[in-house]
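So the sequence shown is numbered by the working numbering: it starts at 385 and just counts up by one.
Yeah, the Cβ is synthetic: ideal placement off N, Cα and C, and Gly gets one too.
Here the structure is a predicted model, which means the values were calculated and not measured.
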Amino acid sequence: MPKSIYLFATSKSKHAKNVKSLDVRYLKPDIDFSKYEYLIITSKQTVKALEQYDKKDFIEIPALCVSVKTAVAYEEFGGKILAVGDGYGDNLIKNIKEFSKETKWLYLRAELIASDFVQKSRDEGYNIDEEILYVSECSQEILDVRVDDDSTLIFTSPSSIECFLKNNSIHPDAKVIVIGKTTANLLPQGVEYIVSESTSIDSCIELALKIKE
């Protein structure tokens, strides 16, 4: 029998006990999209936040998306894709470096972010502005959850780990799967973990289903 699988995410899977990790509050700062040649989008929440704006103001501006899933969400919204990253924010620098330093970028982001790729790019002379479109806060669901000691725990973002650890600890008998290396960095020292093959929830679930008691 497979272990109980807990998925800490904003998405759901039929194979896991789904625990919403974050509540998202959307913001709507005034943005002059006409100043920019390209957008940078690193989450589906950003796409959702863009629904608040008049599409004609930005929909023709191609976007550099962090992952295939984010790109699909933006395409379904009607947006144009400039390029798709490998799922890691830190690695977007190599995409940005394919363009001149005079290129004007707009990074549409959460209040708290795990990657400092924008600052590193700026340090090298690239022109990137930022606007905060949403704030993520720990959900009551993740604060209240209690898990079996020998469960398989899937963490899909650094904040999902931070929120879980507010009222829980990770038992030595638990199996821990993380969606990527940036997320793994938030685990307490000494916790053993497995990084999913690709930065997707489907990949995490596939790995969890292979773990037996």
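Pairwise C-alpha distance: residue j and residue i
i: Asn402; j: Ser553; result: 18 Å
i: Ala592; j: Glu581; result: 12 Å
i: Tyr472; j: Ala498; result: 10 Å
i: Lys488; j: Asp532; result: 49 Å
i: Lys504; j: Asp557; result: 39 Å
i: Ile516; j: Lys387; result: 39 Å
i: Glu597; j: Ile585; result: For Glu597, the predicted model reports a pLDDT of 47, less than 50, meaning its position is unreliable and no value from the coordinates is stated.
i: Ile545; j: Lys594; result: 22 Å
i: Cys547; j: Thr536; result: 17 Å
i: Pro572; j: Asp534; result: 17 Å
i: Phe483; j: Val575; result: 40 Å
i: Lys506; j: Arg493; result: First, the residue type needs correcting, since residue 506 is Arg and not Lys in the sequence shown. Their Cα atoms are separated by approximately 16 Å.
i: Thr394; j: Lys478; result: 28 Å
i: Ser543; j: Ser587; result: 19 Å
i: Gly509; j: Lys559; result: 43 Å
Residue i Cβ short of 7 Å to the ligand SAH heavy atom set
i: Val529; result: Within the structure as shown, the ligand SAH is missing, as the structure has no ligands at all.
N-terminal and C-terminal residue of the beta strand (DSSP E) that residue i is part of
i: Lys488; result: 488-494
i: Ser543; result: That residue, Ser543, is in no beta strand (DSSP E); its alpha helix (DSSP H) goes 542-551.
i: Tyr422; result: 422-425
i: Thr583; result: From DSSP, Thr583 is part of no beta strand (DSSP E); its letter is neither H nor E.
i: Leu466; result: 465-468
i: Leu448; result: 447-449
Residues that DSSP places opposite residue i in a beta bridge
i: Lys404; result: Ala393
i: Tyr410; result: Tyr518
i: Lys559; result: Thr536
i: Asn511; result: Lys488
Close-in-space but distant-in-sequence residues of the same chain around residue i (CB under 7 Å, 5 per side omitted)
i: Thr454; result: Ile425, Thr426, Ser427, Lys428
i: Glu525; result: Val403, Lys404
Beta-carbon spacing of residue i, residue j below 8 Å
i: Tyr518; j: Val408; result: yes
i: Phe417; j: Asp441; result: yes
i: Leu411; j: Ile445; result: no
i: Leu406; j: Glu521; result: yes
i: Ala447; j: Tyr458; result: yes
i: Gly463; j: Ile480; result: no
i: Asn551; j: Leu527; result: yes
Element boundaries [alpha helix (DSSP H), containing residue i]
i: Thr567; result: 565-568
i: Ala457; result: 452-461
i: Gln600; result: Nothing in the structure corresponds to residue 600, since the chain is present only between 385 and 597.
i: Lys478; result: 476-480
i: Leu434; result: 428-434
Same chain, Cβ closer than 8 Å to residue i, neighbours up to 5 away in sequence not counted
i: Asp470; result: Ser451, Thr583
i: Ile589; result: Ile389, Leu391, Ser397, His399, Ala400, Ile538
i: Asp438; result: none
i: Tyr420; result: Ile445, Lys488, Trp489, Leu490, Asp513
Same chain, Cβ closer than 6 Å to residue i, neighbours up to 5 away in sequence not counted
i: Val562; result: Phe539, Ala568, Tyr577, Val579
i: Asp513; result: Leu490
i: Val529; result: Val403
i: Asp474; result: Ser499, Phe501
i: Pro413; result: Glu515
Beta carbon proximity, residue i to chain D, threshold 8 Å
i: Ile477; result: Reference to chain D is not applicable here, since this structure consists of a single protein chain.
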